[in-house]
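Numbering (the numbering used here), first residue to last: 8 to 436. Below is one structure, written out as structure tokens; comments come after it.
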């Protein structure tokens, strides 16, 4: 089911914004003292260096490979008519706890500065052995923040065992921010012409929900899912795929089958895809991506963007040329390492684009750091008597900007949280 026209939603969106702004939670991080060893600015990434040579941008080219329509039709024929986001939300039977209900240990994962204004912790029994890796929202899907009649948060999770990997997305009903409930769908890839599917085995590193598509980055590329093609399973078992006359998804009631994938074609010069996010401040809207490197690496990382297609026949997909290649339209090199969250946003009334980088903690650090970087320099949020830059989440996670509410959503450990972008900018200034 396609999402409804914008005129009807905008009235509801405006009415909801006052509720979404809410009264900020007074969250005090348990870690109030930052050691002097963290006060160094030696990890300052400095200014962004534009990459303009053809050889540099060629390494960032993506090659599109869409799943044949006949394969998707075959899968739908076997599993039944696809359902949508609403069906998953209506089945939501698990709850996130509000910050006051989370343990002190769980809350230590939150940023020290700026403090979160909304925070929740996941059902520990449901997330045990799973690792959080990505966050996106219906604020990415549409600029007024609604998908049909719902406001939704999506959280991506990965699980790796000795014999296989799994990836799933938790659909969180954000209609009432005082009472978040969720259900999950397993991410899968059609095989055998749509007569079966396999699990997406790579760990998630980024996720963007744009229009009716969900784009997910992993160690081996970027996968695309159609949010109108959620399928119900019929067998509750640990298996993944067709089981006799039924369909199983490791105990999940829904699967989301991939409709396509993209691979970097730069060979050994190509980066490892990491964090991604949506930038609505460009024309057209764009997908920004960051290179994944180790937190203590001396290797410089690359940041770049792709335009989204404006072709009505390709909603939610990157713009491609006649050969199916998506080309980077802008690229930079940064001295930052360990980038786990990424935002690009042009400040209102200016021609300056700010890049926000959430960086994982180094081997001797407890907290990660949050930097704002452009072609002139970089600043970090700071805290403690030593004005140290290590103030962000314990596990620096994804960054997703909900434009209609002005909030940046992220995740650290078991904590899902939001911070107003203006609070981040104040802390940086």
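We put the CB at the ideal spot given by N, CA and C, even for glycine.
Rounding to the nearest angstrom, what Cα-Cα distance links residue 82 and residue 321 in this structure?
21 angstroms
Along the chain, where does the alpha helix (DSSP H) that runs through residue 134 open and close?
131-134
Own chain partners of residue 390 with C-beta closer than 7 angstroms, once the 5 adjacent residues on each side are dropped
41, 119, 120 and 398
What number of angstroms, rounded off, separates the C-alpha of residue 422 from the C-alpha of residue 330?
42 angstroms
Assigned exposure category for residue 219 - 16 Cβ within 10 Å defines buried
buried
Can you look up residue 166 in the DSSP assignment and give me helix, strand or coil?
strand
Restricting to Cα atoms, I'd like to know which of 395, 59 and 108 is closest to residue 335.
59
What's the C-alpha gap between residue 187 and residue 105?
8 angstroms
If I measure Cβ to Cβ from residue 285 and keep anything under 7 angstroms in the same chain, skipping five residues before and after, which residues do I get?
147, 215, 217, 292 and 294
Residues sharing a beta bridge with residue 352, DSSP
361
Tell me whether residue 28 sits in a helix, a strand or coil according to DSSP, three-state version.
Model confidence at residue 28 stands at a pLDDT of 41, short of 50, so the residue's coordinates are unreliable; what they give is reported in the following sentence. Residue 28 falls in the helix class under three-state DSSP.
Which residues in the same chain have their Cβ closer than 6 angstroms to the Cβ of residue 377, if we skip the five residues on either side of it in sequence?
365, 388 and 399
Does the beta-carbon distance from residue 167 to residue 101 come in below 8 angstroms?
no
Would you call the stretch 365-374 and the stretch 392-412 in contact, with 3 or more CB pairs under 8 angstroms?
yes
Below 8 angstroms on the Cβ atoms is my guess for residue 96 versus residue 183; work out the distance and round it to an integer in Å.
Actually they are not in contact, since the Cβ atoms of residue 96 and residue 183 sit about 12 angstroms apart, beyond 8 angstroms.
Could you tell me the distance, in whole angstroms, from the CA atom of residue 195 to the CA atom of residue 263?
6 angstroms
For residue 208, which option in 425, 436, 71 and 165 has the closest C-alpha, if you only look at C-alpha atoms?
165
Distance CB(residue 142)-CB(residue 402) smaller than 8 angstroms
no
Extract the residue ranges of the beta strand (DSSP E) inside the stretch 164-231, only unbroken runs of 3 or more that lie entirely within it.
172-180, 188-198, 203-206, 211-217 and 220-225
Could you give the residue range of the alpha helix (DSSP H) that holds residue 412?
Segment: none, residue 412 is in no alpha helix (DSSP H) and carries neither H nor E.
Are at least three pairs of beta-carbons, each pair with one atom in the stretch 344-353 and one in the stretch 78-92, less than 8 angstroms apart?
no
Taking contact to mean at least 3 C-beta pairs separated by less than 8 angstroms, is the stretch 84-91 in contact with the stretch 230-244?
yes
Residue 385 and residue 53 - do their beta-carbons sit closer together than 8 angstroms?
yes
Answer yes or no: do residue 259 and residue 240 have a C-beta to C-beta separation smaller than 8 angstroms?
yes
With a threshold of 16 other CB atoms inside 10 Å of the CB of residue 116, please say whether the residue is buried or exposed.
buried
With distances taken from CA atoms, which of 199, 204, 243 and 270 is nearest residue 225?
270
Taking 7 angstroms as the cut-off, does the CB of residue 174 come closer than this to any heavy atom belonging to the ligand NAP?
Among the ligands in the structure shown, none appear at all, so the ligand NAP cannot be discussed.
I need the straight-line Cα distance from residue 206 to residue 135, nearest angstrom please.
19 angstroms
Assuming residue 344 contacts residue 300 (C-beta within less than 8 angstroms), just tell me the rounded distance between them.
5 angstroms
Distance check for residue 181 and residue 123, CA to CA, integer angstroms please.
17 angstroms
Going by Cα to Cα distance, which pick from 57, 68 and 55 is closest to residue 314?
68
Express the C-alpha separation of residue 327 and residue 114 in angstroms, rounding to a whole number.
43 angstroms
Span separating the alpha-carbon of residue 359 from that of residue 310
16 angstroms
If the criterion is Cβ atoms closer than 8 angstroms, does the pair residue 245 and residue 99 meet it?
no
Please list, in chain order, all residues of the same chain as residue 130 whose beta carbon is under 6 angstroms from its beta carbon, the five residues on each side excluded.
101
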